[in-house]
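To start, the structure itself, in structure tokens.
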Amino acid sequence: MTRWIAYGRRIVGMMAGLAMLGATSVAVADEVRVLNWKGWGTDEAWAVAEFEKQTGTKVVHDYITSFPETFTKLRTNPGYYDIVVLNAAFVEKAAREGLIQAVDPAMVANSADLYPDMRDTPQLNFDGKVWGIAWVWGGTSVTYDTEVFKTPPTSLDVLWDPAHADRVCWRDNAEDSVRFAALALGQNPDQPEDLDAIREKLRALKPQVKAFWKSGDEWLKLVAAKECDLSIVWTNNTEAAAVQDNLPVSFIVAKQGAVAFRDGLAMPTNPPNAKGAYAFMNYLISKEFYAGWVKIGGAPVSANSKAVEELPDSSLTRQVLTQPDAIKRLNFKGPLSDEERQTYLDLWQETKAYFAE
Amino acid sequence: MAREKRRWVAYGLTVPSYLWLAVTVFLPLIVMLYFSFLSKMPFGTAEPVLTLKHYKSFLDRDFYHFLTWRSVKLGFHVTFFCLIIGFPAAYILARKVHGRWREAILLLIVLPFWSNTLIRIFAWTMVLRTNGLVDQMVHAIIPGAPSVGILYSYPAIVIGLVHSFIPYMILTCYISLQAIEDSMIEAGRVLGASSLSIFWRIILPLSLPGVVVGVVLIFVPVVGAFMEPRILGGRQSIMLGTVIEDQFTEVFNWPLGAALSFILLAIVMAIFAACYPLLRNRMKLT
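These protein sequences, in sequence, are chains H and C. Residue numbering for the first sequence follows the working numbering, beginning at 287 and increasing consecutively. Residue numbering for the second sequence follows the working numbering, beginning at 4 and increasing consecutively.
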């Protein structure tokens, strides 16, 4: 039977190899291969062009659509990527599996300007080594229609308020659903103690939910069509919708809290172009790059203290998310095991089946 | 001798296509079948073992049964509407419309196939939503009418899928309908059959193969549909297809996703097997 499993592994390898054949064009002498979410900063056309102008190095992207996919791609394409954007909570898991190697901050000059608590977080620093360069952080919270709410809501309870029945656009994501129900119930969103209570709380959303969305673009279409008074969405998407599309939206950090994430720049084991990777990391955490991202609207918050100055006073991120008392209420995501992820998905699918009854 | 040789030539010419089918259809299916018996994907340091737990979890979880029924029901609804709209359309096209018009209409039917499915589905969101095209038209005619936005509902999913799949039904019915010889119908008339009995006794039985092919081509993919329900269904969006999709994309539990796919495949095949004797008798009438 082990032989069969070895065959299975080989088949997976072959499939990955075939996929790679499709992805790899003729190998360019100097390029940096980045694994990231689509539209998450590193692939901004102006940034890629500017970096190539400065260094002569091309930036090539491959995209993921979920956290587990990051791991699958790193496992099946060893020695292919130079940089991987990782939620800081998953860095240790990637390191333990040997998927990423330690980085040398001395090679990234701008890392001197990083906020110390971002740079030195135990999520990126363990075993006496540095496993990732702190890059950005952001939030997932309640977004509201400013034409419907003359005064911003303050509590997560508004999502369950019958006054907004059939007007809530919910992120179709098991993890966020569990985390927000936990917050609303006063449970620890990282280690919820009572999943049955969470299941009941999510079921109570049945009359409230208008539609589910998965990609940021789907959410934007819903808001543009005035389908929702309230949404659960990434705060930087709300900012982008307000700035780029002039939509009447803003967001809150509710009194029960909001979910937040930190992203780091990590280096996959045996990268083909470590030097280029360090140069691009240095560019990505620079004030200059962040200024460009802020200008188009919808950037998360930089981990670089000098770069954050580029956030204009008018930005929602500055007015709401980075207020000291709001930051205190943020729950930065901790790691989630595969088993927990599966449990959450089963619970969420069961809840959605109940919605469809 | 020459015949023998010709037969070998025929084999030689068909082998590549059979080989291609075997590689593209059966190999991935067999790999997926194998995965469905693994405890987890053989990635990295994982040590998977052979197990039936994914098949068992289908039996254990009531909401999987509910969603399977939902998906099968969706398949029936969409196929039914494709049939009652598509068959008359094909009939008129094959028996009543002639010449250049027929080509033009056929082209119009095939035209939607040239655009991306996702674009078509998003176009429907603009038509069906409250304050969308249909809603605005109704309000232009009857001011003060209640809102008729049906986006984010089960009927919206059915409408989107019927639009996506109806060309299959029209084309397969058209092919079998236009192959019916006029002399058959004339013979029926000469023998005094009414239009209705000509339809029941001649046209419908002779066109049945086209109908059956259309039904199979539509029912099978609709039962597994996930993209259209997700975008058009709102609170009603969950189907067994979306559950399978999430196993692959959200948690990378390919084994469970594969097991659910094979269960769905088995159910679809069982439905066709149950219908087979019925069809066979019907076709014998001809």
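Ideal placement from N, C-alpha and C gives every residue a C-beta, glycine not left out.
So which residues on chain H does residue i lean against when the C-beta distance must stay under 9 angstroms?
i	result
C:V130	Within chain H, no residue comes near C:V130; the closest Cβ sits about 12 angstroms away, beyond 9 angstroms.
Give the interface partners of residue i over in chain H, defined as CB-CB distance under 7 angstroms, in chain order.
i	result
C:F69	A639
Cα separation between residue i and residue j?
i	j	result
H:L410	H:N532	37 angstroms
H:M567	H:I419	8 angstroms
H:G384	H:A552	12 angstroms
H:V371	H:A395	19 angstroms
H:D348	C:A25	31 angstroms
H:W499	H:G414	41 angstroms
C:L268	C:G102	42 angstroms
H:C455	C:G237	9 angstroms
C:P208	C:V215	11 angstroms
C:P258	C:L36	9 angstroms
H:T440	H:E525	18 angstroms
H:V318	C:A97	59 angstroms
C:V218	C:F69	23 angstroms
C:Q139	C:Y67	39 angstroms
H:S397	H:R405	8 angstroms
H:V346	C:V52	37 angstroms
H:C514	C:P158	21 angstroms
C:A228	C:S186	42 angstroms
H:K619	H:A544	10 angstroms
C:I188	C:K99	14 angstroms
C:G260	C:L243	10 angstroms
C:L180	C:Y94	7 angstroms
H:L307	H:T362	Any reading at H:L307 needs caution, since the residue's pLDDT is 45, under 50, leaving its predicted position unreliable; the model's value is listed next. Roughly 13 angstroms between the two C-alpha positions.
H:P558	C:K59	44 angstroms
C:P146	C:T133	15 angstroms
H:S588	H:L321	19 angstroms
H:A612	H:A577	23 angstroms
C:W290	C:W117	Residue 290 of chain C is absent from the model: chain C starts at 4 and stops at 289.
H:V594	H:A380	28 angstroms
Inspect the beta-carbon positions of residue i and residue j and report whether they are closer than 8 angstroms.
i	j	result
C:F168	C:V225	yes
C:T120	H:S352	no
H:A563	H:D368	yes
H:N590	H:K573	yes
H:G472	H:Q542	yes
H:L602	H:A528	yes
H:F537	H:V428	yes
H:L516	H:V444	yes
C:C85	C:I206	no
C:I295	H:A639	Since the first residue of chain C shown is 4 and the last is 289, residue 295 of chain C is not available in this structure.
H:L607	H:G327	no
C:I162	C:W127	yes
H:A585	H:N523	no
C:V81	C:V165	yes
C:V137	C:A148	no
H:E338	H:K344	yes
H:L631	C:D249	yes
H:R453	H:V519	no
C:S74	C:H57	no
H:A467	H:I484	yes
H:V422	H:A388	no
So residue i contacts chain C; which residues on that side make the cut at Cβ distance below 7 angstroms?
i	result
H:K496	Y155 and G237
H:T358	F46 and F255
Chain C partners of residue i, CB-CB under 8 angstroms?
i	result
H:P354	E253, V254 and F255
H:T351	T252
H:E636	R64 and F66
List, in chain order, every chain C residue whose beta-carbon is nearer than 9 angstroms to that of residue i.
i	result
H:R453	What H:R453 touches in chain C: nothing, since even the nearest Cβ is about 11 angstroms away.
H:A691	One cannot answer for residue 691 of chain H here, as it falls past the ends of chain H, which runs 287 to 643.
H:A460	D249, E253 and V254
Query raised in the report: Given a limit of 9 angstroms on CB to CB distance, which residues of the segment 238–269 of chain C reach chain H?
Result: R238, Q239, S240, I241, M242, T245, V246, D249, Q250, T252, E253, V254, F255, N256 and L259
**Report entry** Contact residues within the segment 55–80 of chain C, judged by C-beta distance below 7 angstroms to chain H
**Finding:** F66, F69, L70 and R73
Query raised in the report: Which residues, in order along the segment 32–52 of chain C, keep a beta-carbon less than 9 angstroms from a beta-carbon of chain H?
Result: V34, Y37, F38, L41, K43, M44, P45, F46, G47, T48, E50, P51 and V52
Query raised in the report: Which residues, in order along the segment 464–488 of chain H, keep a beta-carbon less than 8 angstroms from a beta-carbon of chain C?
Result: Of all residues in the segment 464–488 of chain H, none has a Cβ within less than 8 angstroms of some Cβ in chain C.
Requested in this report: Ignoring anything shorter than 4 residues or poking outside the segment 95–132 of chain C, list the alpha helix (DSSP H) runs there in chain order.
Outcome: Listed in chain order, the alpha helix (DSSP H) elements of length 4 or more contained wholly in the segment 95–132 of chain C are 102–113 and 120–131.
Report task. Mind checking the segment 499–526 of chain H against chain C and listing, in chain order, the residues whose C-beta falls within less than 9 angstroms of any C-beta there? Result -> K500, E504, K507, A511, K512 and E513
Report task. Give, in chain order, every residue of the segment 614–630 of chain H whose Cβ lies closer than 8 angstroms to some Cβ of chain C. Result -> D624, R627 and Q628
Query raised in the report: Can you list the beta strand (DSSP E) stretches of 3 or more residues lying completely in the segment 434–459 of chain H, in chain order?
Result: 454–457
Query raised in the report: Which parts of the segment 478–509 of chain H are runs of the alpha helix (DSSP H), unbroken and 4 residues or longer, counting only runs that do not cross its ends?
Result: 481–489
Query raised in the report: Which ranges does the alpha helix (DSSP H) cover as unbroken runs of at least 4 residues, wholly within the segment 148–211 of chain C, from first to last along the chain?
Result: 157–181, 185–193 and 198–201
Query raised in the report: Enumerated in chain order, which unbroken segments of the beta strand (DSSP E) with a length of 3 residues or greater are wholly contained in the segment 591–634 of chain H?
Result: 616–618
**Report entry** Whole runs of the beta strand (DSSP E) within the segment 350–424 of chain H, excluding any shorter than 3 residues
**Finding:** 369–373
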